Each structure stands twice: as structure tokens, then as C-alpha cells.
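Numbering-wise (the working numbering), the sequence shown opens with residue 17 and increments by one. Don't be surprised by glycine CBs; every beta carbon is placed ideally from N, CA and C. Every value quoted in this text rests on a predicted model; they were computed, and no experiment measured them. Below you'll find the structure, written out as C-alpha cells, and then a few comments.
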Amino acid sequence: MMQKTKIWKSLYWRISMSFLLILLLLGLAYIFITTLASNRYYKETTQRLNAHVAESMLLEVSPFVNGEVNKDALGKIMHSMMAVNPTIEVYLLDPEGKILSFVVLDKKVKLNSVDIAPVKQFLITRGDRYIEGDDPRNPGQKTIFSATEVKEDGNLMGYVYMVLASEKHENIAAALLGSYWLKVSTNAFVITLLAAFTIGLILIWFLTKNLRIIIRTFRKFEEGDLLARIPEKGMKGELATLSSTFNKMADTILRNIDELKEVDSLRRELIANVSHDLRSPLAVIHGYIETLMIKDENLTSEERQKYLKIILDGSDRLKKLVSDLFELSKLEANQIKPNKEPFFINELLADAANRYNLIAEKKHIAIKSDIAKTIPMVEADVSLIERVIQNLLSNALQYTPENGEVKLEVKQVDKNVEVNVENTGKGIPAEDLPHIFDRYYKVSKEKSGIEGTGLGLAIVKKILDIHNIPIQVRSKTNEFTSFSFTIPQSGLNY
């Protein structure tokens with residue numbers, strides 16, 4: 017039985033949680049990327065605004081005098097610049113990047129030299145590109161800077177290297193920037209997350225609405241409502257395919273159940289009929305045998321022969337009934353395979369007509385044959401086709417009234433040979449025509465005036481089915497009934 021899905025295990029819940037997780041991951045990535053981008057924006061802006069500050073310092077003082085570092089004058093101007101902007105650190109480098117002099121707040125400088133390549137790149141671009149250089153106070157870290165060449169008498173003496181964001185400034189700026197952007201990003205993220213998640217839940221709810229309809233229909237069908245169907249209107253894509261497939265499957269199941277009920281009903285009827293057919297001859301046989309045993313000495317020879325004839329007829333009827341049941345069961349179990357071979361169907365029909373002439377004469381029924389002598393050979397299982405003809409002839413004679421007529425006809429139709437067995441009589445009611453070949457089915461005694469087991473035509477249909485040969489039936493009430501089928505010609509005719 018289909019169990020009701022718990023809310024946290026439902027598809028809607030799982031999709032919603034997956035959507036929330038995606039939003040959280042995207043939000044965290046957004047905050048991280050935004051913080052990095054903001055920090056980069058701040059640094060690049062600071063570097064662009066202060067790109068020429070190092071160059072401006074040279075307008076106030078010359079760092080070298082006669083090739084020596086002018087420490088007094090240089091120290092004063094460096095302190096003056098730091099007093100104006102305490103975030104900068106000023107370094108004097110030789111042409112190789114070695115630190116010759118510096119002015120910083122706490123005198124804590126850990127590097128003796130800096131990489132000169134970023135300095136040269138900065139001078140080439142004139143500060144128009146974002147370039148980071150070594151931070152002398154923090155080995156392994158990069159920082160923004162401003163730089164300019166120092167020349168004396170046209171000779172390169174070194175470089176002024178200004179760190180634009182000191183360690184203290186970096187820490188304060190990072191803390192403020194991080195706090196500000198974290199707050200802004202977090203607030204924006206929370207608002208965006210709530211809005212997106214709410215909209216997402218609503219959209220997911222509408223997207224899974226049809227799925228919930230399908231599940232409800234499945235439950236109804238499982239609980240016994242075999243007429244429950246999924247409304248296909250409004251279904252799209254895969255859900256439309258699923259709905260259509262389920263509806264077709266449900267129709268097939270319902271149809272199969274009806275067929276099984278019908279077959280079961282027919283089976284019960286057959287068992288009742290067969291039981292009756294078995295009991296009747298058995299009762300007759302038993303009764304006459306008992307009579308023979310009791311009155312044996314008092315019976316005349318003619319009476320004894322009469323009783324024995326009745327017993328023989330009853331045993332023949334039992335034998336035929338059991339044989340038909342056995343043959344039909346083998347045909348339905350696909351245990352019989354046709355052994356096809358070429359033969360003349362007209363000869364087979366002529367023999368059958370001669371064989372049944374005696375029975376027909378006793379009932380005052382005329383068997384008329386319209387069999388051409390030039391009919392080509394056909395290819396099928398001779399013994400099985402003979403059984404088909406026998407059953408059709410026997411059936412025709414059984415349902416033909418006294419002074420009636422049975423007609424056998426064989427003719428060539430294109431590359432096939434058509435066999436037709438027709439008899440006069442009451443005919444078959446229109447409502448029974450679709451079922452006469454069904455197993456266990458027989459026309460009621462009230463309609464036909466004949467009592468039978470309904471096995472003969474079922475055997476005919478099964479034999480022709482394994483030959484892939486269709487059979488047609490036509491009937492007109494109180495006039496005639498006709499059975500016809502076509503057999504392919506043998507290749508030996510060509």
C-alpha cells in the first residue's frame with residue numbers, strides 16, 4: 017500500500033531545501049567576492065590618487081649630495097610628509113632595491129631590500145596600472161606604493177619608495193572595511209535570501225502542483241478506485257507523458273480485469289457444462305450396465321445389443337469430449353507446432369464430405385460441394401487443417417435443422433486458396449458473433465436449440481492462429497451461417 021510521504025521527505029521539501037542551500041552558497045560567495053572586490057577597489061583608488069606623491073617629494077629635497085645620502089634633509093622632509101599623511105612609509109632605495117634610509121612610525125623594518133621589478137614597472141606605466149610591491153615591514157606580503165627615480169647629474173642614484181598603506185592603516189582600514197561591507201553584504205544577503213527563497217517556494221509549489229495531483233490519483237487507484245484518472249489538461253512535458261502513460265495503463269488493467277472476470281465466468285460455466293456432459297453419458301452407461309447385470313438372463317439378444325449400442329455411444333461421446341479438452345489445452349499451452357507441407361486442400365475436403373455423408377443422411381441434411389479440380393496445392397499442417405475442416409463440418413451438421421443444407425466451397429483467390437463452410441439454420445445472434453471463438457464460450461441452448469461444450473470453434477481458432485491464418489464468420493438469423501479462411505499456396509506451384 018502506498019504510504020503517505022512525510023513532509024520533510026517530500027519532493028517539494030527536498031527541492032526547497034536544495035534551493036535554500038544553493039542560495040546560501042551563492043550568498044556566501046557573493047559576500048566573499050564583494051569584500052575582495054571592495055578591498056581591491058580601495059587600494060587601486062588610493063594608488064591612483066597618490067601615484068605622484070613620491071615624485072612631489074623630490075621637488076622639496078634632493079636625497080643625495082655628492083653621491084652621499086642627505087640624511088638630515090631627507091629625514092626632515094620624510095617626517096613632514098608623514099605628519100601630513102601618517103599612513104605612508106618612506107624608503108630610499110639604491111638602484112638594486114637595497115634600503116638606504118627610511119622613516120616609519122615604529123622603526124620596525126624587517127627587509128633589507130625590496131624587489132625592484134614592480135618599481136620599474138610602476139615607473140613605466142606612470143602609476144596608471146594597479147601594481148603591488150614588497151612591504152618591508154611584512155615579509156611575503158604585497159602592498160600599494162608610489163615610486164620615482166632619484167638622479168644626480170643625470171646618473172641614477174636610486175629610488176624613493178613610498179608605501180601608501182602602512183601596517184597600522186591596513187589593519188584599521190581592513191577592520192572598518194570588513195565591518196562595513198560585512199554588515200552591508202549580510203543585510204543585503206539576508207533580504208535577498210528571504211525574498212528569493214519565498215518566491216522560490218511559491219514557484220516550486222506551483223511547479224509541483226501537477227505532481228501532487230498525479231500522486232493523489234495514484235493513491236486513489238491503489239485504494240481500489242479503478243476509474244481514477246489523471247486529468248491531462250494542464251500537464252506539460254514529462255508530467256504529461258507520465259499522466260498519459262498512467263491513464264493508458266489503468267485502462268489496460270481495467271480491461272484485463274473485466275476480461276479475467278468474463279473468462280472466469282465462462283470457465284465456471286464450462287465446468288458446469290462439461291460436468292453435465294460427463295455426468296449424462298456416465299449415468300446412461302452406468303444405468304444400462306447395471307440393467308444388463310440385473311436382467312442379464314431375462315434380456316433378449318436384440319435388447320442386449322440395443323443396450324450395448326447405447327453404452328458404446330455414451331463412451332464415444334465421453335471420449336470425444338475428453339479428447340477436445342486435451343487438444344484445446346495443448347493448443348493454448350503452445351505445445352503444438354504446425355508441421356507445414358504442401359498438399360491438395362480439395363482432396364481433403366472431398367474426403368471429409370464423404371466421411372460425414374452418412375451422418376448427414378440420417379438427419380436428412382444435404383452436403384453440397386463446390387470444389388474445383390484445378391485448385392493449387394497449399395502449405396500447412398495437413399492433420400491440423402483436417403481437424404479444422406472436421407470441426408467446422410461437425411458444427412455445421414449439428415446446427416443445421418432437418419432437411420437443411422451444408423455447403424463446402426473451395427476457390428482460388430490471388431495466391432491463396434479460400435475454404436468456405438456454410439450451413440442453413442437459425443444462424444448466430446449478432447451479440448454472440450464477437451465471442452464464438454472465445455474459449456469456454458457457446459451460444460445458449462435457448463438461442464440455438466442445441467446443447468454443446470463450446471470447444472470445437474475454440475480449437476479451430478487456435479489451430480488457424482498458430483498458422484497465422486485469420487477466420488471470418490458471417491451469419492443471418494434464421495437463414496445461414498458461414499465460416500471461411502484462406503490458406504497460402506505452396507511454393508511448389510510456381
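Look at Pro-152 here: in three-state DSSP terms it is coil, with no helix or strand label. In the structure shown, Gln-321 falls within a helical segment according to DSSP collapsed to helix, strand and coil. In this model, Ile-452 and Ile-401 are separated by some 19 Å (Cα to Cα). In this structure, Leu-424 lies near Val-437, with their beta-carbon atoms less than 8 Å apart.
Less than 8 Å divides the Cβ of Gln-428 from the Cβ of Pro-392.
According to the DSSP secondary-structure assignment, Tyr-175 is paired through a beta bridge with Leu-109, Glu-165. The alpha-carbon of Asp-280 is positioned some 12 Å away from that of Asn-272. When secondary structure is reduced to three states using DSSP, Val-69 falls in the helix class. In the DSSP annotation of this structure, the continuous segment of the beta strand (DSSP E) that includes Ala-396 starts and ends at 394-396. In the structure shown, Asp-131 falls within a coil segment according to DSSP collapsed to helix, strand and coil. Put simply, the backbone Cα of Glu-434 is about 17 Å away from that of Val-422. Ranked by Cα distance from Thr-233, the first of Ala-266, Lys-335, Thr-257 is Ala-266.
For Ala-382, the beta-bridge partners assigned by DSSP are Glu-421. The region 172-182 makes contact with the region 106-113: 3 or more CB pairs, one atom from each, lie closer than 8 Å.
With a minimum length of 4 residues, the unbroken runs of alpha helix (DSSP H) contained wholly in the region 212-242 fall at 225-238. With 16 or more other Cβ atoms inside 10 Å of its own Cβ, Gln-63 counts as buried. About 11 Å separates the beta carbon of Leu-209 from that of Leu-37, a gap too long to meet the 8 Å contact definition.
When C-alpha distances from Pro-358 are compared across Gly-330, Asp-397, Leu-328, Lys-378, the shortest belongs to Asp-397. Pairing Gly-149 with Thr-141 gives a Cβ-Cβ distance that is not under 8 Å. Around the C-beta of Lys-167, fewer than 16 other C-beta atoms lie within 10 Å, and the residue is accordingly described as exposed. Residue environment for Ser-291: exposed (fewer than 16 other C-beta atoms within 10 angstroms of its C-beta).
In this structure, the straight-line span from the alpha carbon of Ile-327 to that of Gly-303 is close to 9 Å.
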